[in-house]
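To keep things clear, I will list the structure first and then write my remarks on it.
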Amino acid sequence: MNESIVHRLQLKKHTDRLILNKPENIHHFDTLLPYDAAEKKEAYDLIVAFVFSLDQFMKNLQHVIDKKLLKPNGALFFAYPKKGNKEYKEYIGRDDFFECVEVDNDGYVKSSQLKFFKMVALNDTFTVIGLKHEVIRKSRANQLSQCVSDYIDRIPDLQKYFAEENDILTFFNNLTPGYQRGWARFVYSTR
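So the sequence shown is numbered by my numbering: it starts at 2 and just counts up by one.
In structure tokens, the structure reads:
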């Protein structure tokens with residue numbers, strides 16, 4: 002089991018490692034030695050932080066964002082005591098993170114390049130939630146829609162265009178509404 006979380010999350014590929022607040026009885030990350038147990042470098046490829054409250058989670062997350070502590074393509078993992086654990090009275094519900102962190106539709110933490118990407122069990126006591134430092138992709142908001150129903154209002158424009166060619170207009174008008182919308186999308190979605 003000690004090797005499994007390291008293997009499952011592919012943690013060995015990261016060379017600059019920081020593991021914070023690790024309880025003494027947790028040995029799951031021993032195969033990652035050497036790692037820093039306190040912040041010593043400007044940035045790390047891998048940061049694992051054990052947190053026991055949402056407040057502690059938010060402070061750690063904001064610290065990583067503010068200090069740019071995570072290198073590009075790096076991974077940030079928070080290990081937290083799960084609800085119903087037998088070892089700690091504190092726990093964090095699985096969905097509580099998303100209630101206290103502003104996340105956009107693509108999963109990025111607001112004002113950062115950190116994106117939620119993984120949640121796995123560490124053991125019977127802890128769950129690990131992961132974020133990765135990923136370059137934010139350009140918004141697709143300015144791209145033309147590929148949904149045919151978005152072009153239904155363009156069908157009369159096509160009919161006007163085909164008005165000079167009676168056989169084409171007749172053919173178009175005999176198409177099912179779905180095919181007519183498909184034609185409208187094909188014609189009006191090109192750049």
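We put the CB at the ideal spot given by N, CA and C, even for glycine.
Asked: Three-state secondary structure (DSSP) at His8?; Found: helix
Asked: Count the other CB atoms, across all protein chains shown, that sit within 10 Å of the CB of Phe99; report buried if there are 16 or more and exposed otherwise.; Found: exposed
Asked: Considering Asn26, what are the terminal residues of the beta strand (DSSP E) in which it resides?; Found: Counting along the chain, Asn26 falls outside any beta strand (DSSP E), and DSSP gives it neither H nor E.
Asked: What are the residues that DSSP puts in a beta bridge with Phe173?; Found: Answer by DSSP bridge pairing: none, since Phe173 is not bridged.
Asked: Would you tell me roughly how many angstroms separate the C-alpha atoms of Ala80 and Asn61, rounded to the nearest one?; Found: 12 angstroms
Asked: Mapping DSSP to helix, strand and coil, what is Asp125?; Found: coil
Asked: Along the alpha helix (DSSP H) that carries Phe99, what are the first and last residues, could you check?; Found: 97-101
Asked: Looking only at its chain, what residues have a beta carbon closer than 6 angstroms to the beta carbon of Tyr36, apart from the 5 residues adjacent to it on each side?; Found: Arg18, Ile20
Asked: Which first and last residues belong to the alpha helix (DSSP H) in which Leu81 is found?; Found: This sequence places Tyr at residue 81; Leu is not what is there. Careful: Tyr81 lies outside any alpha helix (DSSP H), inside the beta strand (DSSP E) at 71-82.
Asked: Taking contact to mean 3 or more Cβ pairs, one atom from each stretch, closer than 8 angstroms, check whether the region 84-102 and the region 45-56 are in contact.; Found: yes
Asked: When you compare only the Cα positions, how much space is there between His15 and Arg155?; Found: 52 angstroms
Asked: Who are Gly131's beta bridge partners in DSSP?; Found: Phe78, Lys119
Asked: For Phe51, collect the residues of the same chain with a Cβ closer than 6 angstroms to its Cβ; drop the 5 residues on either side in sequence, then sort them by chain order.; Found: Asn22, Lys23, Ala80
Asked: Is Leu71 buried or exposed, if buried means 16 or more other CB atoms sit within 10 Å of its CB?; Found: buried
Asked: From Val104 to Phe187, what does the alpha carbon distance come to, in whole angstroms?; Found: 34 angstroms
Asked: Whole-angstrom Cβ separation of Val121 and Leu10, contact assumed at under 8 angstroms?; Found: 7 angstroms
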